[in-house]
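Encoded as structure tokens, the structure appears first; notes follow it.
Residue numbers (the numbering used here): 404 to 1139.
Here it is as structure tokens:
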């Protein structure tokens, strides 16, 4: 057998002699879903037959082409089956049976192929050539066979629970350890129709158990972010878990209390822990404990072999771990009287964070040039005056930031790419050795410079580069400072890339892609409050908009920095009229560059135009396809309008730094109660959930009865002090 090693698409591949199984057993099942999880089990023979092989067949066409996972003694890899030949590709892995039965999983996600054996990732590959088709397996010997072959279609993770329950029901939760129950406010019989936040989910370890763990979700969930409000009743530990298999296998974010000794002697610590077969391994940790009777928002993200823990929206720990690869979400309490959890959500996460340790390039693939991992860095090189590029991601990636640390070394320029559809269509940020910086749009091979600047570039030091591409805005950053900005929405989706121009090489490290995908805020109030005449100004969302004498409806809060506006869903194919979006220095002021959206009934085309004085600054259009939401986004000094995911128009103007947002309608009727505004600098709280953004200084703050004579009618309030005082956790600076 001839073996040769080389770097292909940034991954080490072993090309083995092609052959087809002789006397193979085979079974095929039709499958049309392009994304799926395949689960199987097999019992390795005591003596693996010479040349024996099991093939898990994936994405098979009628012509017998597709992908396969090749299982051989203690080794496995993915392969393409094409023209009667088998070509292994991707990252090959080693495996050893941990039990008499080996349990395996193959995940097919977009262009990615991932194999796990006994809860450990062993092989990966990337190829978009085949999707759907049939799945099955075949083997070269009677002693090699699969059991429990199962195909599971998958969908994006979407989960939410406020723990409103009747009786002793746990809803979709399973108590794996300890005692768990939905509980209401202390001293009252909670009523969902009368209470601002009637229930939470309480867990406590049983006397005979070391911790409490509850799980929800599906076994095949992968790449997700979970977030939950949590409060401890006593010193101890609480946390959240991901990829939960059982009490002995999961990934855990454990947080212990401040100044108190936990059972294992770890006090005031934040820890990412892998629990595998009952053995606890700390992957990352840092100091800092929680205070009892305070609500916090805990988060845990598992994506692309990385794990990140959050406290109150800030990442506090990161680790790389490829264990499990899938599993349910979990809530955790240890050495504690009890911990309460509320308002949990989980949804699919995407992105990447690669430190290039262990000689692994992650999902970065060589598009042009030569790329290899050396000394925990990714090096790109090319011997001519052309570009070398390594890419990651999928064709549907949009609204993201790609960032990296880079040292130019001997290259002529370094940079980043985004929204890469093909090698002839992408955005780029380039920084030349002479100091010239450019933001570029490359469309069908033609390059347009959108913005230009200058900053000296030292070839021997690392710089932190970032390229933001989304919501109609491109922005380049160096060491956290924005150096270039432009408005452009001609490209909206595509891969991200690392870039250099030769001849020469450059060194990259800590490459990451993060997404800016805000969701419309939910405004939740108790039914009883909507019936109170004295509370109408508070519960009627449409009263956030105040209509002036000129017919403009102004949002009643100043908007600092970025924001996103979602308008109610409507069928613009049947509507004729116009909508003006006005950005003014202050609410009610004059807008310097209004953005007008217009449509004619029956045309299905929504046009956008930005004017200033008598001139047109930008214009564009999008086609309506039925009921859709209009979205307006401001990022930096850029304003853009969108119809669903389709851009209408984008424009950069210094006037868009204004704080006032106004809407003017002509021939269009909209219920502004269904409009939503979100901004990282806007706090709009109804206290319908746990108060994770607030911290009490004086008194006891909790859901309490409004009137002693009407128990169950409750809201969030302070008591047991002559002047109860509640502070926001965030320190607000600047104009307010």
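Even for Gly, the Cβ is constructed at its ideal location relative to N, Cα and C.
Bear in mind that the values here come from a model prediction, so they are computed numbers and not experimental data.
Burial state of residue i (16 or more Cβ within 10 Å)
i            : result
residue 1123 : exposed
residue 553  : exposed
residue 962  : buried
residue 857  : exposed
residue 1126 : exposed
residue 791  : buried
residue 885  : exposed
residue 1094 : buried
residue 1012 : buried
residue 572  : exposed
residue 1033 : buried
residue 411  : Bear in mind that the predicted position of residue 411 carries a pLDDT of just 29, short of 50, making it unreliable; the figure below should be weighed with that in mind. Classification for residue 411: exposed.
residue 449  : exposed
residue 1026 : exposed
residue 1050 : buried
residue 426  : Here the model assigns residue 426 a pLDDT of 46, short of 50, so the residue's position is not dependable and the matter cannot be decided.
residue 608  : buried
residue 726  : buried
residue 764  : buried
residue 462  : buried
residue 987  : buried
residue 833  : buried
residue 537  : buried
residue 882  : exposed
residue 1136 : exposed
residue 1030 : exposed
residue 787  : exposed
residue 745  : buried
residue 447  : buried
residue 657  : buried
Secondary structure of residue i, DSSP reduced to three states
i            : result
residue 944  : helix
residue 645  : strand
residue 1076 : helix
residue 1058 : helix
residue 577  : strand
residue 936  : helix
residue 1120 : strand
residue 801  : strand
residue 398  : Nothing can be reported for residue 398: it is not among the residues displayed for the chain, which extend from 404 to 1139.
residue 1007 : coil
residue 761  : helix
residue 1089 : coil
residue 745  : strand
residue 752  : coil
residue 1132 : coil
residue 1040 : coil
residue 439  : strand
residue 974  : strand
residue 710  : strand
residue 1139 : coil
residue 548  : coil
residue 425  : For residue 425, the predicted structure reports a pLDDT of 46, less than 50, and the residue's modelled location is therefore unreliable. A value from the coordinates is still provided. It is coil, neither helix nor strand.
Residues bridged to residue i [DSSP beta-bridge criterion]
i           : result
residue 822 : According to DSSP, residue 822 bridges with nothing at all.
residue 913 : None, per the DSSP bridge assignment.
residue 398 : Outside the shown range of the chain (404 to 1139) lies residue 398, about which nothing can therefore be said.
residue 564 : 747
Option in the options with minimal Cα separation from residue i
i            : options                 : result
residue 486  : 465, 951 and 803        : 465
residue 944  : 1099, 1087 and 1128     : 1087
residue 525  : 484, 555, 475 and 531   : 475
residue 659  : 639, 651 and 649        : 639
residue 515  : 716, 561 and 439        : 439
residue 793  : 443, 682 and 915        : 915
residue 682  : 649, 718 and 691        : 649
residue 644  : 503, 678, 993 and 888   : 678
residue 756  : 735, 720, 747 and 787   : 720
residue 1055 : 1101, 874, 671 and 1065 : 874
residue 780  : 1061, 911 and 577       : 911
residue 549  : 457, 631 and 561        : 457
residue 1068 : 990, 1039, 1083 and 956 : 956
Beta-carbon separation (whole angstroms), residue i vs residue j, contact threshold 8 Å
i            : j            : result
residue 822  : residue 895  : 6 Å
residue 1014 : residue 1008 : About 19 Å; that fails the 8 Å criterion.
residue 497  : residue 509  : Not a contact, Cβ separation roughly 17 Å.
residue 618  : residue 647  : 5 Å
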